[in-house]
Amino acid sequence: MKQSEVRQHVIDTIGKILVDKTLIQEEDDVMLSALELDEEDFREFFSILQSDFGIVLPNQIKADIAGMSPQSPYGQLTLQGLVDQILVESKRRTHH
3 MKQSEVRQHV IDTIGKILVD KTLIQEEDDV MLSALELDEE DFREFFSILQ
53 SDFGIVLPNQ IKADIAGMSP QSPYGQLTLQ GLVDQILVES KRRTHH
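Going left to right, the sequence shown walks through residues 3 to 98 as our numbering numbers them.
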């Protein structure tokens, strides 16, 4: 799957969960911590992505983003960073 296809799928998925879609519509690479999602929303978001792409996102990413600790390296994860992580995990899966 191409990066642009993964990105669009991620945007479509988060768009189904977000109430206010302004950030993902107006910014190219929004920080996930800036989205108005609670822990349950993030859990649903990651669950859908993992199922759709047939991957497992590292627990550290899921925990840090859901907790939104600004000190965490993943607290600054952007939409593009998540797309890149999905691509890495997808490649890892196909090589095993």
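C-beta atoms are modelled at their ideal positions from N, C-alpha and C, and glycine is treated no differently.
(message) Do leucine 39 and isoleucine 26 count as a contact pair if the criterion is CB distance below 9 Å?
(response) No, the pair does not count as a contact, with Cβ atoms beyond the cut-off.
(request) Assuming glutamate 91 contacts isoleucine 57 (C-beta within less than 8 Å), just tell me the rounded distance between them. (result) That belief holds up - the Cβ atoms of glutamate 91 and isoleucine 57 are roughly 4 Å apart, short of 8 Å.
(request) Closer than 6 Å by C-beta to leucine 81: which residues in its own chain qualify, once you throw out the five before and the five after it? Chain order, please. (result) Once the five neighbours on either side are set aside, the close Cβ partners of leucine 81 are Asp31 and Val32.
(request) Could you check if arginine 45 is buried or exposed, using at least 16 other CB atoms within 10 Å of its CB as the buried criterion? (result) A residue is called buried once 16 or more other Cβ atoms fall within 10 Å of its Cβ, and arginine 45, having fewer, is exposed.
(message) Whole angstroms are fine: how far does the CA of glutamine 5 sit from the CA of glutamate 29?
(response) Using only the alpha carbons, I get a separation of about 17 Å.
(request) Return the CA-CA distance between methionine 3 and isoleucine 50, expressed in angstroms with no decimal places. (result) In this model, methionine 3 and isoleucine 50 are separated by some 17 Å (Cα to Cα).
(request) Would you decide whether valine 85 is buried or exposed? Buried here means 16 or more other CB atoms lie within 10 Å of its CB. (result) With 16 or more neighbouring CB atoms inside 10 Å of its own CB, valine 85 falls in the buried class.
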